[in-house]
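Down below is the structure, laid out as structure tokens.
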Amino acid sequence: MQKLLAATAILLFSGLAIADSHEGATDDVLEMVQQLWEARNNNDYKTQRDLMSDGIHFNANSNGTFFYAQEKQSLAEIEEDLSGEYDVTVMYPNAAQLSDTVVLARYYLEGSINAGGNDVRNYRTRVTHIWVKEGGKWKSKSWHFSPLHNGGTIPN
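Under the working numbering, the first residue of the sequence shown is numbered 14, with each subsequent residue one higher.
Written out as structure tokens, the structure is:
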């Protein structure tokens, strides 16, 4: 009887640990999303670089560019590429774990941007963001931004 109770307890706690790990991954990624955009708002290029995949990052930006692949940039390249004034807020974030090493985050960004000769005071975009686990840490691997031209980011 004690063996049956011990086996049941092990199975129960294993299931809880797996469920907790799954939920923890999405929570961890949503925290990384917040860190990424806080770093962008604060021109913290090191944090932005640290949160990017060591390999190629796949992009589609809200400025209408086509999809493109980009090698991980140096700090100097990131500073040159992203210098400016950012004041964006992550709105309505959610995430789904697709595998042990992949999480899909979805959210809206709203705020203002003055960078690269562009001054957007009513910036609103929808973001689909893929994160992968590299070396035990979650890293941004791909994102797609689609601009919202009408209305705010009020959920249905």
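Each residue gets a CB set at the ideal place from its N, CA and C atoms; glycine is no exception.
Around the beta-carbon of Ala89, fewer than 16 other beta-carbon atoms lie within 10 Å, marking it exposed. By the C-beta density criterion, Ser153 is buried, having at least 16 other C-beta atoms within 10 angstroms. In the three-state scheme derived from DSSP, where H, G and I count as helix and E and B as strand, Asn54 is classed as helix.
In this structure Gln61 is buried. Its beta-carbon is surrounded by 16 or more other beta-carbon atoms within 10 angstroms. When the alpha-carbon of Met65 is set against those of Trp156, Gly130, Leu161, Pro160, the nearest one is in Trp156.
In the structure shown, the three-state DSSP call for Leu111 is strand. Rounded to whole angstroms, the Cβ separation of Ala118 and Leu43 is 6 Å, and the two are in contact under 8 Å. The shortest CA-to-CA distance from Glu123 to any of Gly77, Leu49, Val101 is the one to Val101. Judged by DSSP secondary structure, Ile143 falls within the beta strand (DSSP E) whose first and last residues are 131 to 147. For Asp57, the closest C-alpha among the options Gly148, Ser159, Leu161, Gly97 is that of Gly97.
With contacts defined by Cβ atoms closer than 7 Å, Val133 and Ile143 do not form a contacting pair. When DSSP states are grouped into helix, strand and coil, Gln47 belongs to the helix group.
In the three-state reduction of the DSSP assignment, Thr60 falls in the helix class, which pools H, G and I. When secondary structure is reduced to three states using DSSP, Gly37 falls in the helix class.
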